[in-house]
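Colleague: Protein chains in written order, with numbering that gives the first Met the number 0: chain A, 0 to 278; chain B, 0 to 190.
Questions regarding the structure given below will be posed in turn.
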Amino acid sequence: MLHKNPHLSMRHISDEDLVRYADGELPSHRAAEVETHLKACWDCRARMEDTQSTITGFVRAHHAEFDGQLPPAAGPRALLRARLAQLDSERRVEWWKRVLQFRFALPGVAVVGLPLIALAIGILWFRHATQREWRSATALFDTGVAPNRGLTPGATREVTISEVCSVPHEQVVGGVSDSLRQKVLQEYGIANARPEDYEIDYLIAPQLGGTEDIRNLWPEPYRDYVWNARVKDALEERLHELVCSGQLDLHKAQHDIATDWIAAYKKYFHTNKPLSLSS
Amino acid sequence: MPRMDSLNELPFPPLAAAAREAEPSAIEREVIALYAQFRDPLLRYALSLDLPVHDAEEVIQEVFLSLFRHLQLRRSRAHLRGWLFRVAHNLGLKQLYVNQRSNAKTTPDWARAMEQLDPSPDPEEELLSAQRHHRLQAVVQALPENDQHCLRLRAEGLRYREIAAVLGMSLGAVSISLTRSLARLARADGR
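Below, the structure is given as structure tokens:
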């Protein structure tokens, strides 16, 4: 073990420095010294290999202990998405509320405050009025967020789980032809509805085996903003992921979304209100 | 199905923003991407704290909701991995404390050991490696808690600096802890 620097070559590397060297945690000058020493010293090299082998053994044991317990990520990911959307919309509303509160809190700004109060009352009245108007327009089918089950019981094709799950949820988006759209609107007694007021939505989503059949299509109002299409999209995605991760039977998913999609949402997201919206 | 035009239909956009039909924000997408990357490592770490799976999963959800708020407030993006593990560590210990307080019965160690002793007809080699795993796992479980945390965090890829920040210890203490633990594991391994 002769070396140009006898001081270095004689002193073996400490256990701690070996570990730090293996982990790339040594300052570069010290790492260079250790490297030189390792080339010259079989003892230290053997200890180094033992250290590596212990690390390998531990990492394998660590994975063996926990990897089998990890549930599929798809379901929790869908839940996280919905919760994030909810947080985001809450923040937007809070921002607006804060602006109003800030104005009212300032002393001597009644000049600014009064018009704002008037505006707020105006907004409330307007919203109330438009909502009432919208409710009467959609009175034909209850609240407008759930389809008429007599007209739209849902329709499916024969599909296998592997067919349903071979395509990611996002890629199965079907458009409805104009003529079919008009038929659906007629069926619901709103043939003159403006195109921008309603979306023709699948009751049972195509990615869950739903078909482009008039029994599976209904006019979903854009204006409803509690149980709206985005909320239903979130449910569809969650059901798709539950089905594809083997946690839910496909027919059960089809049945639940067709019977009462809002109830299904509450059930599968464990909530009473849409997670993607503030109440 | 997704569409974008309804926002313009609503009166007074600021209030109606709650009804936003827009695509997820950039921050939401960023959080989801980080979730895809770090969910498994974080979940393994939370499980190593001895949390039941559903609690561990919920803790990880909380971690990413906190991350979302963190990013919304335009806080630092540096060292996000260390940040995630630090929050997971703190929330995990908190949950563990709640569980212990409520005397929630988690799976006893022996039951977990039995599960891992799954007597499936493995080839001899696999049996040997399974035995080695159990031996090493037993040694790890006998280590002081902080040493276990260091080792698990290192196994999930954290650098010493990150581990030091997660556990609130010095860099030197991290390397001493890891060295000590590896020496014990090596002895158990008959080296």
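All C-beta atoms in this analysis are idealised placements derived from N, C-alpha and C, irrespective of residue type, glycine included.
The model shown is predicted, which means the values in this text are computed figures rather than measured ones.
Which residues, taken in chain order from the segment 26-38 of chain B, show a beta carbon closer than 7 Å to some beta carbon of chain A?
Modeller: Glu27, Val30, Ile31, Tyr34, Arg38
Colleague: Using a Cβ-Cβ cutoff of 8 Å, what residues of the segment 148-162 of chain B are near chain A? List them in chain order.
Modeller: Leu150, Arg151, Arg153, Ala154, Arg158, Tyr159
Colleague: Contact between the segment 26-37 of chain B and the segment 75-88 of chain A is defined here as three or more beta-carbon pairs at a separation below 8 Å; is this criterion met?
Modeller: yes
Colleague: Is the segment 41-59 of chain A touching the segment 172-185 of chain B, taking contact as three or more C-beta pairs under 8 Å?
Modeller: yes
Colleague: List the DSSP bridge partners of glycine 209 of chain A.
Modeller: A/Thr155
Colleague: What does a CB cutoff of less than 7 Å around arginine 153 of chain B pick up in its chain, not counting 5 residues either side in sequence?
Modeller: Ile162, Leu177
Colleague: Which chain A residues sit within Cβ distance under 8 Å of glutamate 56 of chain B?
Modeller: Pro70, Pro75
Colleague: Contact criterion: CB-CB distance below 8 Å. Does phenylalanine 63 of chain B meet it with respect to chain A?
Modeller: yes
Colleague: Based on DSSP bridge pairs, tell me the residues matched to proline 220 of chain A.
Modeller: A/Tyr197
Colleague: In whole angstroms, what separates the C-alpha of alanine 77 of chain B from that of leucine 234 of chain A?
Modeller: Per the coordinates, the alpha-carbon of alanine 77 of chain B lies some 35 Å from the alpha-carbon of leucine 234 of chain A.
Colleague: So that I know if they touch, is there some Cβ in chain A lying closer than 8 Å to that of arginine 60 of chain B?
Modeller: The displayed chain sequence assigns glutamine, not arginine, to residue 60 of chain B. It does; some Cβ of chain A falls within 8 Å.
Colleague: Quick one: which chain B residues come within Cβ less than 9 Å of isoleucine 54 of chain A?
Modeller: Arg153, Ala154, Leu181, Leu184
Colleague: Check whether the segment 38-47 of chain B touches the segment 79-88 of chain B, counting contact only when three or more Cβ pairs, one atom from each stretch, lie closer than 8 Å.
Modeller: Flag = yes, the segment 38-47 of chain B and the segment 79-88 of chain B touch.
Colleague: Assuming glycine 153 of chain A and arginine 214 of chain A are in contact, meaning their beta carbons sit under 8 Å apart, how far apart are those beta carbons, in whole angstroms?
Modeller: 7 Å
Colleague: For proline 120 of chain B, would you say it is in contact with chain A, using Cβ-to-Cβ distances shorter than 8 Å as the test?
Modeller: Bear in mind that a pLDDT of 49 at proline 120 of chain B, under 50, signals an unreliable position, so the number given afterwards is only what the model happens to contain. It does not; no Cβ of chain A falls within 8 Å.
Colleague: Which class does serine 135 of chain A belong to by DSSP, given the choice of helix, strand or coil?
Modeller: Residue confidence is low: serine 135 of chain A scores 41 on pLDDT, short of 50, so the model does not pin down where it sits. Its coordinate-derived value is still stated next. Annotated three-state conformation of serine 135 of chain A is helix, per DSSP.
Colleague: Whose Cβ in chain A lies nearer than 9 Å to the Cβ of arginine 74 of chain B?
Modeller: The premise fails here: arginine 74 of chain B is roughly 15 Å from chain A at the closest Cβ pair, so nothing lies under 9 Å.
Colleague: Where does arginine 151 of chain B land, buried or exposed, given buried means 16+ other C-beta within 10 angstroms?
Modeller: buried
Colleague: Using a Cβ-Cβ cut-off of 8 Å (strictly less than) and excluding sequence neighbours within five positions of glutamate 15 of chain A, which residues of its own chain qualify?
Modeller: none
Colleague: Quick check on DSSP: helix, strand or coil for methionine 168 of chain B?
Modeller: In the structure shown, methionine 168 of chain B adopts coil according to DSSP, grouped into three states.
Colleague: If you check the beta carbons only, do leucine 66 of chain B and alanine 55 of chain B fall under 8 Å apart?
Modeller: no
Colleague: What's the call for isoleucine 59 of chain B, buried or exposed, on a 16-neighbour Cβ count within 10 Å?
Modeller: buried
Colleague: For glutamine 206 of chain A, is the classification buried or exposed, using 16 other Cβ atoms within 10 angstroms of its Cβ as the cut-off for buried?
Modeller: buried
Colleague: Comparing C-alpha positions only, which one of A/Val175, A/Ser244, A/Arg19, A/Thr151 sits nearest to histidine 279 of chain A?
Modeller: Residue coverage of chain A in this structure runs from 0 to 278, which leaves residue 279 of chain A outside it and unanswerable.
Colleague: For arginine 186 of chain B, which of A/Gly121, A/Gln181, A/Asp49 has the nearest alpha-carbon?
Modeller: A/Asp49
Colleague: Using a C-beta to C-beta distance shorter than 8 Å, which residues of chain B count as neighbours of leucine 78 of chain A?
Modeller: One finds Gln60 in chain B with Cβ atoms closer than 8 Å to the Cβ of leucine 78 of chain A, taken in chain order.
Colleague: Against chain B, which members of the segment 238-266 of chain A pass a CB distance test of less than 9 Å?
Modeller: none
Colleague: Would you kindly work out how many angstroms separate the C-alpha atoms of alanine 262 of chain A and tyrosine 187 of chain A, rounded to a whole number?
Modeller: 22 Å
Colleague: Taking Cβ positions, are leucine 50 of chain B and leucine 95 of chain B nearer each other than 8 Å?
Modeller: The answer is yes: Cβ separation under 8 Å.
Colleague: Using a 10 Å radius around the Cβ and a threshold of 16 neighbouring Cβ atoms, would you call asparagine 271 of chain A buried or exposed?
Modeller: exposed
Colleague: Can you find a C-beta in chain B that's less than 8 Å from the C-beta of glutamate 64 of chain A?
Modeller: Yes - at least one Cβ of chain B is within 8 Å of the one on glutamate 64 of chain A.
Colleague: With 8 Å as the threshold, decide whether the Cβ of leucine 46 of chain B is near any Cβ in chain A.
Modeller: yes
Colleague: Can you look up tyrosine 267 of chain A in the DSSP assignment and give me helix, strand or coil?
Modeller: helix
Colleague: Taking beta-carbon pairs under 8 Å, can you tell me which members of the segment 25-56 of chain A lie near chain B?
Modeller: Asp49, Thr50, Ser52, Thr53, Ile54, Gly56
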